[in-house]
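So the sequences go chain by chain: A, B, C and D. In this text, residue positions in the first sequence follow my numbering: the first is 8, and each later residue adds one. In this text, residue positions in the second sequence follow my numbering: the first is 8, and each later residue adds one. In this text, residue positions in the third sequence follow my numbering: the first is 109, and each later residue adds one. In this text, residue positions in the fourth sequence follow my numbering: the first is 109, and each later residue adds one.
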Amino acid sequence: MARVELRGLHKTFGGGTVALDRLELDVASGELVSLLGPSGCGKTTALRIVAGFETPDAGEVLVDGVDVLGLPASRRNMGMVFQSYSLFPNMTAKANVAYPLRIRRRPKAEREARAVELLDLVGLARQVDRYPHQLSGGQQQRVALARALAHEPAVLLLDEPLSALDAKVRVQLREEVRRIQLELGITTIYVTHDQEEALSISDRVAVLAEGRVEQIGTPAEIYNRPRTPFVASFVGTVNQIDAVVVSPAEGAVRCGERVLVVDGDLSGHAQGADVGLYLRPEDVVLVTDEPEGTPGASGTSGASGTSGASGKVRSITFLGPVTRVGVDCELGALVADVASDVALGLGIGDPVTVVVEPGRMRTLV
Amino acid sequence: MARVELRGLHKTFGGGTVALDRLELDVASGELVSLLGPSGCGKTTALRIVAGFETPDAGEVLVDGVDVLGLPASRRNMGMVFQSYSLFPNMTAKANVAYPLRIRRRPKAEREARAVELLDLVGLARQVDRYPHQLSGGQQQRVALARALAHEPAVLLLDEPLSALDAKVRVQLREEVRRIQLELGITTIYVTHDQEEALSISDRVAVLAEGRVEQIGTPAEIYNRPRTPFVASFVGTVNQIDAVVVSPAEGAVRCGERVLVVDGDLSGHAQGADVGLYLRPEDVVLVTDEPEGTPGASGTSGASGTSGASGKVRSITFLGPVTRVGVDCELGALVADVASDVALGLGIGDPVTVVVEPGRMRTLV
Amino acid sequence: MAALSPAAPATVRRPRRRRHLPLWHAFWILAAAAYFIVPIISLVQFSFGGRVDGHSAGFHWYATVFADPNFASSFWLSVQIALETVALSIALLVPTAFWIHLRLPRLRPVMDFVSVLPFVVPPIVLIVGLIPFLQPFTFIYSRPEVLDFIYVVFAMPFLYRSLDAGLRAINLQTLAEASANCGASTWSTLIRVVVPNLRSAIIGGSFLTVAIAMGEFTISSLLSFNTFPVYIFNIGQSTSNEAAALAVISLLLTWALMIALYVVGRGGRTTAQMAATR
Amino acid sequence: MAALSPAAPATVRRPRRRRHLPLWHAFWILAAAAYFIVPIISLVQFSFGGRVDGHSAGFHWYATVFADPNFASSFWLSVQIALETVALSIALLVPTAFWIHLRLPRLRPVMDFVSVLPFVVPPIVLIVGLIPFLQPFTFIYSRPEVLDFIYVVFAMPFLYRSLDAGLRAINLQTLAEASANCGASTWSTLIRVVVPNLRSAIIGGSFLTVAIAMGEFTISSLLSFNTFPVYIFNIGQSTSNEAAALAVISLLLTWALMIALYVVGRGGRTTAQMAATR
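See below:
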């Protein structure tokens with residue numbers, strides 16, 4: 008399998024828009040790396056440069072150490088799945104998958120066998136003779152995936168392949184894409200703007216903003232240890248709290264009237280400096296202010312948390328497994344995700360105590 | 008405010024497709040009811056009949072007890088927000104919002120004042136003079152909402168208003184739609200195929216399938232007490248487990264070699280009858296098979312659950328706050344959503360014990 | 109939002125309103141009758157009209173037409189010119205339209221503009237300008253092939269617009285990139301992916317080109333070539349019944365073409381439906 | 109997936125490949141030159157050519173043209189017919205196209221088909237059929253207004269297609285429903301929402317209609333009306349230099365029209381961009 012390196016990729020579009028700003032990225036052999044970012048962050052441009060559909064102003068794209076930028080797209084040996092349906096409408100599913108082999112003048116028997124085998128792999132063994140317009144959106148993208156794999160490419164490129172599909176199909180198909188990628192062990196670059204998709208499918212996620220990699224790491228690293236405010240707010244939901252550093256050595260900050268100990272390195276900050284704290288909604292624990300003896304709404308965690316701030320319920324949004332509760336408290340306006348059966352006891356305007364375990368309140372690394 | 012009743016709405020399209028099958032629905036004054044279902048379930052047809060864009064084959068649409076089917080769309084006094092952007096491209100945001108009042112020949116000063124007031128309500132006070140093509144998708148839908156409210160309609164109709172928007176904008180805008188709806192107290196019918204959207208925004212959710220209401224209830228009722236397999240699997244993720252009734256009176260079923268006590272009424276089932284159990288992934292607790300003394304992965308719940316089935320980890324998908332773990336166990340192939348920090352200790356192939364609290368395993372009501 | 113207007117008036121008309129056939133709908137039926145059917149009926153009547161040797165004419169004028177050697181020669185001249193025009197047009201325009209859509213989309217408005225030029229510059233002006241220019245080059249001027257090159261220009265808008273619509277319907281950019289990604293050269297993509305999906309656009313545009321080349325009168329008359337329309341016109345100057353018979357024959361040939369066009373058009377709609385599933 | 113072919117050949121050409129100007133690109137530049145520029149240059153030369161009273165002609169032929177009272181009368185006759193044709197076409201086609209798109213989309217392929225009829229039925233055939241039919245009705249046949257009705261049919265495809273493209277670009281169904289939901293009648297929707305958004309389509313189609321009505325030669329010649337193209341032709345039969353001067357004047361008028369068309373076309377693209385943001 009192939010190793011892909013993007014070195015100092017720079018691309019400016021007409022009108023001076025900087026699409027890529029000296030982008031650096033390494034994808035190890037057999038790895039699936041997602042490029043995650045909002046629209047306009049350059050993720051699709053980067054992929055299209057790798058595929059050969061755009062030319063960078065500067066930089067290199069190395070596949071196993073060899074720069075491929077001089078090669079036209081048709082000779083780069085990459086398989087690509089596009090965002091919009093890209094099947095050839097005049098060909099059946101089988102003919103679509105066999106097309107890369109027909110171009111390579113492989114014998115008819117070989118290419119048909121391989122097409123059937125790949126369609127079986129993507130779960131469409133019974134739809135081989137259907138035309139694209141006879142297939143659902145999800146099925147069309149499965150065929151597109153099979154076609155992208157037909158000529159045994161060194162690298163698989165996926166450009167938001169699931170964004171046109173329904174939520175249920177999207178979840179199902181992303182699991183299959185991952186299963187097939189692991190089965191074949193093919194080096195893969197996956198472009199998406201959907202953070203859950205990126206977290207769930209990737210070996211590593213590269214979060215892009217304004218043409219640069221803001222952070223790259225495993226899904227858990229990106230989610231739990233975001234390095235910039237952009238990553239923290241783009242990946243998942245986050246509460247942001249302003250604080251002032253009290254003691255860099257002990258990791259203590261003052262937030263309103265309270266002194267809290269946070270997770271993360273404060274050594275870069277001077278005493279008295281402003282610092283942003285962030286806190287995931289699932290790490291905010293709410294304790295209802297009920298008479299002693301009745302257990303708090305969140306049960307065991309109760310008063311053991313270090314920072315009990317009293318507040319009031321502002322909004323309650325049922326999301327299924329969890330309920331998102333908006334609370335106004337001394338730390339500011341926070342949202343907390345609590346188990347839905349716990350939230351059933353809450354009403355708007357109820358007084359609650361907000362408890363956060365010390366390790367959960369973090370500064371950006 | 009107005010009460011809306013749909014009585015026996017029936018609609019067949021050319022080719023014999025039944026879009027609506029004697030649909031019944033009551034929407035109380037000031038209530039927000041979502042019509043939730045997959046594409047083709049008839050939800051949009053129902054909304055378009057209420058709006059006056061389609062004519063049913065049979066049935067009535069009553070607004071405050073008066074059948075409005077004889078009225079053309081232009082005289083029904085309803086405000087609608089469409090799925091695709093529906094702003095008039097030749098008019099500014101302000102002119103778009105003022106349009107319903109221009110049609111009604113209100114004085115220029117009045118309609119301008121009202122347009123500015125409504126644009127302020129939807130958070131676009133500074134974009135009043137922009138043309139639709141100068142606005143983002145989310146802003147266009149805000150203007151469309153303001154326009155739908157301009158003539159003080161009796162009923163607000165929303166046809167998947169957020170489905171063309173990005174995930175982040177979608178979440179933000181649905182909160183605002185709900186805020187404005189509560190502020191104005193306007194009777195609202197909201198069509199969506201996104202179950203989280205329906206759960207989070209509605210007073211009540213009507214789940215539609217094949218032109219009929221499968222179930223109607225509050226978001227928590229729909230999520231926690233689905234009445235049909237369709238509702239259980241369409242709303243949220245669900246594990247389905249086959250079992251045999253042992254004792255209808257005690258709510259006991261046999262599942263593989265185990266006898267479990269389930270939540271839900273089994274009195275309709277005979278002893279020995281097959282029954283489907285369902286179980287939300289967040290209700291599956293995994294206990295790692297570690298030496299005594301070490302707490303189980305899920306902490307306190309541990310061995311206190313009634314049904315410890317031993318199994319093996321099949322897959323691990325990081326989703327952010329939770330990690331979805333696939334487990335093969337005696338109950339079948341299950342998925343469990345566990346807190347991500349808990350899941351960090353798990354690897355594929357690890358032995359685990361699956362514990363389910365008795366109340367969590369449910370039969371369909 | 110202080111007060112709401114009442115939800116619905118108390119009086120409700122129950123009978124479902126069938127929308128009336130609008131006025132212009134009726135107009136178009138009458139117009140079609142007036143413009144196409146009435147002249148054609150009068151034409152057919154006329155082609156069987158007049159008296160020959162004291163008897164009613166019957167098929168006399170048709171027989172006269174087929175007996176005239178100029179009928180066949182002018183007809184085949186027009187067919188030959190039409191086919192040459194179509195072949196030349198396709199060879200030039202299919203790659204051009206493909207390339208403009210794929211690589212030079214900024215040129216699309218320019219092409220849209222160029223493709224209306226033949227309508228906007230009156231043929232009479234072009235020909236008045238061309239005649240003094242062409243006259244010295246007798247080896248071109250005297251051969252009917254000169255019409256091929258002129259008709260290519262006049263038929264260009266029709267074929268180009270047909271191709272343009274066809275190319276817009278197929279998501280060309282993505283299909284071409286997918287094909288390149290599969291290893292195909294641009295030429296290979298054109299032949300294996302684009303042309304098969306443009307089939308009905310090419311055929312539809314070709315029929316129009318044939319119809320225009322077969323029916324054009326002004327230019328061939330001014331350049332003094334005895335094409336089929338010129339032949340009809342000349343006959344019409346002398347024997348109007350015979351001209352009517354000729355026109356009927358010409359119409360029947362045209363209708364055969366139109367039916368083919370309609371069948372192809374249905375095929376085209378199927379392609380459009382495929383495209384709509386994107 | 110057993111073995112993978114190597115990722116990339118070892119030899120890599122570094123210099124970025126600028127795509128070559130393709131062959132047909134060059135061809136079209138030459139073709140445009142041959143078809144439009146060369147005749148026009150020859151035309152202009154010719155209009156200043158010949159000798160008058162032993163001197164070079166200079167603006168002599170232009171002076172002659174403007175001195176001829178038939179110039180003004182034929183020109184204004186054509187302008188009058190063109191404007192009548194445009195007014196009639198817009199009044200008939202805008203509501204028709206709107207209604208078909210909104211309520212009878214199944215008729216769209218039929219309209220597409222009807223709108224090519226005027227190309228497919230050669231004018232010469234229609235006229236040969238119409239003349240014997242019209243001759244008895246002298247009160248129509250003898251007035252130039254008969255041309256309005258004929259030109260409406262010939263210009264219909266252009267205006268209809270322009271409107272069709274305009275209507276496709278504006279998401280008509282949703283806009284009309286939104287307008288109805290706001291309380292507007294269908295008529296009100298047409299006037300306040302549809303027409304303003306079709307402005308450039310209507311103006312563009314109208315210019316084409318004007319150009320066609322101003323430039324049509326065959327029919328007006330056969331029906332013996334002295335329209336501007338017929339006048340040019342008749343002059344060309346006698347004084348070819350004067351005809352060239354006339355053609356140049358005609359071209360300049362046409363170009364004024366084209367520039368207007370281009371400016372409107374740019375406006376149209378802005379509308380398309382708006383539509384693209386949907």
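Glycine included, each C-beta is placed from N, C-alpha and C at the ideal position.
### Message
Using a Cβ-Cβ cutoff of less than 6 angstroms, which residues in the same chain neighbour P177 (chain D) once the five nearest sequence positions on both sides are dropped?
### Response
Cβ within range, chain order: n/a, list empty.
### Query
Considering only the beta carbon of each residue, do I187 (chain B) and L128 (chain B) sit closer than 8 angstroms?
Taking 8 angstroms as the Cβ cut-off, I187 (chain B) and L128 (chain B) qualify as a contacting pair.
### Message
Tell me the rounded alpha-carbon separation between G140 (chain A) and Q188 (chain D).
### Response
Per the sequence presented here, residue 140 (chain A) reads as His, with Gly not at that position. It is roughly 51 angstroms from the alpha-carbon of H140 (chain A) to the alpha-carbon of Q188 (chain D).
### Task
Tell me E67 (chain A)'s beta-bridge partners as DSSP assigns them.
Per DSSP, A:R14.
### Task
Can you give me the Cβ contacts of H209 (chain C) inside the same chain, cut-off strictly under 6 angstroms, excluding the 5 residues immediately before and after it?
Answer for H209 (chain C): L275 and L280, listed in chain order.
### Query
Can you give, in chain order, each stretch of the beta strand (DSSP E) that sits fully within the stretch 70-132 of chain A and has at least 3 residues?
For the stretch 70-132 of chain A, whole beta strand (DSSP E) runs of length 3 or above, ordered along the chain, are 85-88.
#### Entry: Buried or exposed by the 16-neighbour rule on C-beta atoms within 10 Å, applied to Q134 (chain A)
The C-beta of Q134 (chain A) has 16 or more other C-beta atoms within 10 Å across all chains shown, which makes the residue buried.
### Message
Here's the rule: buried if 16 or more other CB atoms are within 10 angstroms of the residue's CB, otherwise exposed. What is L151 (chain D)?
### Response
Counting the other CB atoms within 10 Å of its CB gives L151 (chain D) a total of 16 or more, which places it among the buried residues.
### Task
Mind checking the stretch 201-229 of chain A against chain B and listing, in chain order, the residues whose C-beta falls within less than 7 angstroms of any C-beta there?
The stretch 201-229 of chain A vs chain B, Cβ under 7 angstroms: D201, E203, L206, S207, P226 and A227.
### Message
Let me see if you follow: with CB-CB separation under 8 angstroms, is S347 (chain A) close to chain B or not?
### Response
Chain B, which has a Cβ nearer than 8 angstroms to the Cβ of S347 (chain A), makes this yes.
### Message
Less than 8 angstroms between the C-beta atoms of V57 (chain A) and S209 (chain A), yes or no?
### Response
No, the Cβ-Cβ distance between V57 (chain A) and S209 (chain A) is not below 8 angstroms.
### Message
From the DSSP secondary-structure annotation, give me the bridge partner or partners of T330 (chain B).
### Response
Partner(s): B:F325 and B:V345.
### Message
Check for me: the beta strand (DSSP E) holding G224 (chain B) runs from which residue to which?
### Response
Note, G224 (chain B): beta strand (DSSP E), R219 to G224.
### Which listed residue (C:E192, C:A309, C:A284 and C:A353) has its alpha carbon closest to that of V202 (chain C)
That would be C:A309, whose Cα lies nearest to the Cα of V202 (chain C).
### Task
Indicate whether at least one CB of chain B lies closer than 8 angstroms to the CB of S308 (chain A).
Residue placement at S308 (chain A) is flagged as unreliable, the pLDDT there being 38, under the threshold of 50; the coordinate-derived value follows with that caveat. S308 (chain A) does not count as touching chain B.
### Query
Which partner residues of G339 (chain A) appear in the DSSP bridge assignment?
A:C336, per the DSSP bridge assignment.
### Minimum Cβ-Cβ distance from S254 (chain B) to chain D less than 8 angstroms
No, S254 (chain B) lies away from the interface with chain D (no Cβ there is under 8 angstroms from its Cβ).
### Task
Could you tell me which residues DSSP pairs with N246 (chain B) in its beta bridges?
Answer is B:L286, bridged to N246 (chain B).
### Query
Using the beta-carbon of each residue, which ones in chain A are nearer than 9 angstroms to I278 (chain C)?
Residues of chain A with a Cβ closer than 9 angstroms to the Cβ of I278 (chain C) are, in chain order, P96.
### Query
Do we get a CB-CB distance below 8 angstroms when we pair D344 (chain B) with the residues of chain A?
Yes, its Cβ sits closer than 8 angstroms to a Cβ of chain A.
### Task
Assuming V334 (chain B) contacts V320 (chain B) (C-beta within less than 8 angstroms), just tell me the rounded distance between them.
That pair is a contact at about 6 angstroms.
### Message
Within 8 angstroms, do at least three Cβ pairs link the stretch 341-356 of chain D to the stretch 154-166 of chain D?
### Response
With the cut-off at 8 angstroms, the stretch 154-166 of chain D and the stretch 341-356 of chain D touch.
#### Entry: Distance between T297 (chain C) and H155 (chain A) (C-alpha atoms, nearest Å)
Note on residue identity: the sequence assigns Ala, not His, to residue 155 (chain A). Rounded to whole angstroms, A155 (chain A) and T297 (chain C) show a C-alpha spacing of 16 angstroms.
### Task
Drop a sphere of 10 angstroms on the beta-carbon of D281 (chain A), count the other beta-carbons inside from all chains shown, and report buried for 16 or more, exposed for fewer.
The Cβ neighbour count for D281 (chain A), taken over all protein chains shown within 10 Å, is under 16; the residue is labelled exposed.
### Task
Let me know if K18 (chain B) comes out buried or exposed under the rule of 16 or more other beta-carbons within 10 Å of its beta-carbon.
Result: buried.
### Query
Is DSSP giving I278 (chain D) helix, strand or coil here?
In this structure, DSSP gives I278 (chain D) a state outside helix and strand, which the three-state scheme calls coil.
### Query
chain C beta carbons: is any one of them nearer than 8 angstroms to that of L353 (chain A)?
L353 (chain A) is outside the set of residues whose beta carbon lies under 8 angstroms from a beta carbon in chain C.
### Message
Three Cβ pairs or more, each shorter than 8 angstroms: is that satisfied between the stretch 283-290 of chain C and the stretch 300-320 of chain C?
### Response
With a cut-off of 8 angstroms, the stretch 300-320 of chain C and the stretch 283-290 of chain C count as touching, because enough Cβ pairs lie within range.
### Query
Considering only residues of the same chain and omitting the five flanking positions on each side of V104 (chain B), which have a CB-CB separation below 8 angstroms?
Counting only residues of its own chain and dropping the five nearest sequence neighbours on each side, V104 (chain B) has a CB closer than 8 angstroms to the CB of R121, A122, L125, L126, V150, A153, R154 and A157.
### Query
P107 (chain A) versus chain C: which residues are under 9 angstroms apart at the beta carbon?
The contacting residues are N289, C290, G291 and A292.
### A316 (chain B) - partner residues in DSSP beta bridges
In the DSSP output, where bridge partners are listed per residue, A316 (chain B) has B:V361.
#### Entry: Nonlocal neighbours in the same chain, by C-beta distance under 8 angstroms from P459 (chain B), ignoring five residues either side
Since the first residue of chain B shown is 8 and the last is 372, residue 459 (chain B) is not available in this structure.
### Task
Say whether chain A places a C-beta atom closer than 8 angstroms to the C-beta of A174 (chain B).
Answer yes: the Cβ-Cβ gap between A174 (chain B) and chain A drops below 8 angstroms somewhere.
### Query
Is the stretch 194-213 of chain B close to the stretch 226-242 of chain B, with three or more CB pairs under 8 angstroms?
With the cut-off at 8 angstroms, the stretch 194-213 of chain B and the stretch 226-242 of chain B touch.
### Query
What are the residues of the stretch 297-317 of chain C that lie near chain A, defined by any Cβ-Cβ distance shorter than 7 angstroms?
Correct list: V301, P304 and N305.
### Proximity of G323 (chain C) and S270 (chain C) at Cβ, strictly below 8 angstroms
No, the pair does not count as a contact, with Cβ atoms beyond the cut-off.
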